[in-house]
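Asks: The following block contains the structure, expressed as structure tokens.
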Amino acid sequence: MSRSIILGHYLPGNSVIHQMNPRIKVLVLIIILTMLFAFKSIPGLLAMLLAILLLFAAARIPFRYLLKGLRPILYIALFALIIFLFFTKGGVVLVRLGSVTVESDGLEEGLFVIIRLVTLVLFSLLLTLTTTPLSLTHGLGYFLKPLGRIGLPAEEVVMIMAIALRFIPTLIEESQRLMRAQVSRGADFESGSVFRKAKNLAPLIVPLFVSAFRRADELALAMEARGYRLGAKRTRLYEDLIKMQDWFVLLTALLLLAAVLYTNI
Amino acid sequence: MFIGTDKLTHTYMPGTPFASAALKSISFSLGRGSFTLLIGPSGSGKTTLIQHLNGLLKPTSGKVYFDGQSIGPDKSALLSVRRRIGLLFQMPEDQFFSETVFDEIAYAPRNLGLAENEIEESVIKAVERVGLRPKNLLGRHPFQLSAGQKRRVAFAAVLSIEPEVLILDEPAAGLDPSGKLMLFDLLSRLNRTEKITILVSTHHLDEIAALADNLLVLNGGRLEMAGKAREILARRAELQDLGLALPQVTEIMDELAARGLPVSTDIYSLSAASKEIIRLKRADQG
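In structure tokens:
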């Protein structure tokens, strides 16, 4: 169950990429995604694809994580390719099936879109695989701060997200434990019609909710006991310092974006 | 061999950087009708081992046996194993989901497809076995009960399928002293008079040590010791190295013996200790 969730799955490590400042990582990702959409031709995208593969190697992420991360977009990619193959016309006719033709412009555009999609997903995956959910949340939260001026309680939103992220594994573990407990009492969560399956889930859902509410209650109490107050200014144990190499990476990304926009490749 | 394992190894999340070996090549066997304690510090793999005995976890390698057969992936065979081996989880009252105590206890027999009148019979029998009165209890909401009652209802929910083997994961955790005594009394009765094979995991040996025939000691996923309870309990130094505390009365008797009194140190329950002290006193006077 938990094994199939790869997006947002952090892989511990201590590579240069792991150690980058999360705020800078988020910014660089935004710059790179912009760059991917600025490219007009396949060679530029292929260079980016090569770059991301090298970055994965630098972060020492096993190759199969890359494949696992790409699995969810397999069908979207195939669907896009088919659409472009049959509906974009122009260039040389490659295949002719009666009145249906596949032309070279369609193939080119299809490949272009797929490479862009794959590269985009891989860059996003690199961020989530090398950044703990917690520091990622704080990184994103930093960019929410200015919204405080228009009434968005940024600190609280970040706290909610951080708590939610913190408890996802706990809830998954809890649900697995409950599932085993009920299976040992003869429960069957797999067979039967959809309606029957849904009904059979009650012995799982009810205790899960009960424990989630109890946990929430206890957590709220524990937080208040340690002085958490809404709207109060908080300091952090681990300050996210931006180091020299972070600025360097950010600058490089910006220069690359400028180059791509300027040369219009 | 009635129930046991052969070179059972289990690794959580194999093939990832999160992989951790919870059980390392564990082999043991328990006879029919025996009473066994599985002890070890927290995180030693007790729960993981227990869940294999019911087919809830699949071994990474090695085998689990029950009644001469290997517990395999076959679904109907697994169901019959679960019909014969009752498993009480840690903090079993966390599993409650029904609106009445009756439905909670009837869950397992219903899943096994018993007829409604048989279900009622088995529910009432199970409730009586755990020492509760069915009359004022069965219609109540399980969340309204006291902690001790909840634990006993959860126990009844396992007993309702009339298993031949009972496996209990830390059954005394969170119970008050009288609740514990009542539980151990019940376990002893189920084992001695009804000949149910019992395996209990625990890290507190107080009182329950006196009931056990066999002892399995787990540490860091390895089976460090296995054998007759008295023999293993006599290996005091090794147990202490593993961070396992002896029953308090045993420590008192050890201390008395160390101060030169002629007492037996082979004592693991309060009643045995008081008998021994009375014997000593009589011998002293006579």
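Protein sequences, first through last, are from chains A and B.
Quick note: the first sequence, position 29, residue 14 per my numbering, numbers continuous.
Take any residue in the second sequence, count from 1 to its spot, add 28: that is its number in my numbering.
For glycine and all other residues, C-beta sits at the position ideal for the given N, C-alpha and C.
Predicted, not measured: the structure shown is a model, and the values here were computed from it.
1) Suppose contacts are defined by Cβ-Cβ distances below 8 Å. Is residue 231 (chain B) in contact with residue 70 (chain B) by that definition?
2) Using DSSP with H/G/I as helix, E/B as strand and the rest coil, what is residue 118 (chain B)?
3) 8 Å is my cut-off, CB to CB: does residue -10 (chain A) come that close to chain B?
4) Spell out whether any CB of chain B is found under 8 Å from the CB atom of residue 169 (chain A).
5) With 8 Å set as the bound, which would you pick, yes or no: does the beta-carbon of residue 196 (chain A) sit closer than that to a beta-carbon of chain B?
6) In this structure, how does DSSP classify residue 29 (chain B) when only helix, strand and coil are distinguished?
7) Among A:227, A:203, A:3, which residue has its Cα nearest to the Cα of residue 117 (chain A)?
8) With 8 Å as the threshold, decide whether the Cβ of residue 136 (chain B) is near any Cβ in chain A.
9) If you measure from the beta carbon of residue 191 (chain A) to each beta carbon in chain B, is any gap under 8 Å?
10) Give me the subset of the region 128 to 157 of chain B whose CB atoms are less than 7 Å from a CB atom of chain A, sorted by chain position.
11) In whole angstroms, give me the CA-to-CA distance for residue 275 (chain B) and residue 234 (chain B).
12) Whether or not the region 144 to 156 of chain B and the region 197 to 209 of chain B are in contact is what I'm after, with contact meaning three or more pairs of Cβ atoms, one per stretch, closer than 8 Å; do they touch?
13) Would you list, in sequence order, the uninterrupted alpha helix (DSSP H) runs of no fewer than 4 residues that lie entirely inside the region 192 to 226 of chain B?
14) Could you confirm whether any beta carbon from chain B is found closer than 8 Å to the beta carbon of residue 163 (chain A)?
15) Using 8 Å for Cβ pairs, my map puts residue 65 (chain A) next to residue 98 (chain A). What's the rounded Cβ distance?
16) Cβ closer than 8 Å: which chain B residues qualify as neighbours of residue 154 (chain A)?
17) Rounded to the nearest angstrom, how far is the Cβ of residue 355 (chain B) from that of residue 89 (chain B), given a contact under 8 Å?
18) May I ask you to report which of helix, strand or coil DSSP gives residue 233 (chain A)?
19) Would you say residue 121 (chain A) and residue 91 (chain A) are within 8 Å of each other, going by their C-beta atoms?
20) Where in the region 50 to 77 of chain B do unbroken runs of the beta strand (DSSP E), each at least 3 residues long, occur, reported from the N-terminal end onward?
21) Rounded to the nearest angstrom, what separates residue 173 (chain A) and residue 161 (chain B) at their Cα positions?
22) Could you name the residues that DSSP lists as bridge partners for residue 145 (chain B)?
23) What did DSSP end up calling residue -12 (chain A) once you bin it into helix, strand or coil?
24) Closer than 7 Å, Cβ to Cβ, to anything on chain B: give me those residues from the region 8 to 36 of chain A, in chain order.
25) Is the CB-CB distance between residue 111 (chain B) and residue 83 (chain B) below 8 Å?
26) Quick check on residue 100 (chain B): buried or exposed, where buried means 16 or more other Cβ atoms within 10 Å of its Cβ?
27) Give a yes or no on contact between the region 133 to 141 of chain B and the region 150 to 160 of chain B, applying the rule of three or more CB pairs nearer than 8 Å.
28) Once the 5 residues before and after residue 188 (chain A) are set aside, which same chain residues still bring their CB inside 7 Å of it?
29) Hey, out of B:29, B:273, B:280, whose CA is closest to residue 301 (chain B)'s CA?
30) Excluding the 5 residues preceding and the 5 following residue 81 (chain B) in the sequence, name in chain order all residues of the same chain whose CB lies nearer than 7 Å to its CB.
31) Compare the C-beta of residue 207 (chain A) with all C-beta atoms of chain B and state if any pair is closer than 8 Å.
32) Assuming residue 173 (chain B) and residue 181 (chain B) form a contact by the criterion Cβ under 8 Å, report the distance between their Cβ atoms to the nearest whole angstrom.
33) Is there a Cβ from chain A that is less than 8 Å from the Cβ of residue 269 (chain B)?
Replies: In short, the structure shows the following:
1) Start at 1 with the first residue of the second sequence, and residue 231 (chain B) comes out as number 203. Start at 1 with the first residue of the second sequence, and residue 70 (chain B) comes out as number 42. Yes, these two residues count as a Cβ contact at 8 Å.
2) In the second sequence, residue 118 (chain B) corresponds to position 90, counting from 1. Reduced to three states, the DSSP call for residue 118 (chain B) is coil.
3) Position 5 of the first sequence holds residue -10 (chain A). Its pLDDT being 44, under 50, residue -10 (chain A) is placed unreliably by the model, and nothing is read from it.
4) Translated into positions along the first sequence, residue 169 (chain A) becomes position 184. Yes, residue 169 (chain A) counts as interfacial toward chain B.
5) The residue given as residue 196 (chain A) occupies position 211 in the first sequence. So, interface residue.
6) Looking up residue 29 (chain B) in the second sequence gives position 1. Residue state, collapsed to three classes: coil.
7) In the first sequence, the residue the question calls residue 117 (chain A) occupies position 132. Of the candidates A:227, A:203, A:3, the one whose C-alpha sits nearest the C-alpha of residue 117 (chain A) is A:3.
8) Against the second sequence, residue 136 (chain B) aligns to sequence position 108. At least one beta carbon of chain A lies nearer than 8 Å to the beta carbon of residue 136 (chain B).
9) Start at 1 with the first residue of the first sequence, and residue 191 (chain A) comes out as number 206. The Cβ of residue 191 (chain A) sits closer than 8 Å to at least one Cβ of chain B.
10) Result list: 135, 136, 139, 140.
11) The residue given as residue 275 (chain B) occupies position 247 in the second sequence. The residue given as residue 234 (chain B) occupies position 206 in the second sequence. When rounded, the distance between both Cα atoms is 4 Å.
12) Under the three-pair Cβ rule at 8 Å, the region 197 to 209 of chain B does not count as touching the region 144 to 156 of chain B.
13) Entirely contained in the region 192 to 226 of chain B, the alpha helix (DSSP H) runs reaching 4 residues are, in chain order, 205 to 220.
14) Counted from its first residue, the first sequence places residue 163 (chain A) at position 178. Yes, contact with chain B.
15) The count along the first sequence starts at 1 and reaches residue 65 (chain A) at position 80. The count along the first sequence starts at 1 and reaches residue 98 (chain A) at position 113. Cβ-Cβ separation between residue 65 (chain A) and residue 98 (chain A): approximately 5 Å, consistent with a contact (criterion under 8 Å).
16) Here residue 154 (chain A) refers to the residue found at position 169 of the first sequence. Within 8 Å Cβ-Cβ: nothing; residue 154 (chain A) doesn't reach chain B, min ~11 Å.
17) Chain B is shown from 29 up to 314; residue 355 (chain B) falls before or after that span and cannot be answered.
18) For the purposes of this step, residue 233 (chain A) is taken as residue 248 along the first sequence, with counting starting at 1. In this structure, residue 233 (chain A) counts as helix in the three-state DSSP scheme.
19) If you number the first sequence from 1, residue 121 (chain A) lands on position 136. If you number the first sequence from 1, residue 91 (chain A) lands on position 106. Result no, Cβ atoms of residue 121 (chain A) and residue 91 (chain A) do not sit closer than 8 Å.
20) Given a length threshold of 3 residues, each whole run of the beta strand (DSSP E) inside the region 50 to 77 of chain B is given here in chain order: 63 to 67.
21) The count along the first sequence starts at 1 and reaches residue 173 (chain A) at position 188. The count along the second sequence starts at 1 and reaches residue 161 (chain B) at position 133. Rounded to the nearest angstrom, the two C-alpha atoms are 31 Å apart.
22) To locate residue 145 (chain B), count along the second sequence from 1; it is residue 117. Beta-bridge partners assigned by DSSP to residue 145 (chain B): none are found.
23) Here residue -12 (chain A) refers to the residue found at position 3 of the first sequence. Note on residue -12 (chain A): pLDDT 41, under 50, position unreliable in the model; the coordinate value appears next. Note: residue -12 (chain A) maps to helix in three-state DSSP.
24) Under the 7 Å Cβ criterion, the region 8 to 36 of chain A contributes no residue.
25) For this step, residue 111 (chain B) is matched to residue 83 along the second sequence. For this step, residue 83 (chain B) is matched to residue 55 along the second sequence. In this structure, residue 83 (chain B) does not lie closer than 8 Å to residue 111 (chain B) by Cβ.
26) Translated into positions along the second sequence, residue 100 (chain B) becomes position 72. That one is exposed.
27) Yes: the two stretches touch, three or more of their Cβ pairs being nearer than 8 Å.
28) Taking the first sequence and counting its residues from 1, the one referred to as residue 188 (chain A) is at position 203. Within its own chain, the residues whose Cβ lies closer than 7 Å to the Cβ of residue 188 (chain A), once the five positions on either side in sequence are excluded, are 167, 172, listed in chain order.
29) Here residue 301 (chain B) is taken as the residue at index 273 of the second sequence, counted from 1. Checked all of B:29, B:273, B:280; the closest Cα to residue 301 (chain B) is B:280.
30) As a working mapping, residue 81 (chain B) is identified with position 53 in the second sequence. Hits under 7 Å: 31, 92, 113, 195.
31) Position 222 of the first sequence, counted from the first residue, corresponds to residue 207 (chain A). Taking Cβ atoms only, chain B never reaches closer than 8 Å to residue 207 (chain A), which makes this a no.
32) As a first step, residue 173 (chain B) is located in the second sequence; it is residue number 145 there, counting from the start. As a first step, residue 181 (chain B) is located in the second sequence; it is residue number 153 there, counting from the start. That pair is a contact at about 6 Å.
33) As a working note, residue 269 (chain B) is residue 241 in the second sequence. False, the Cβ-Cβ gap to chain A never drops below 8 Å.
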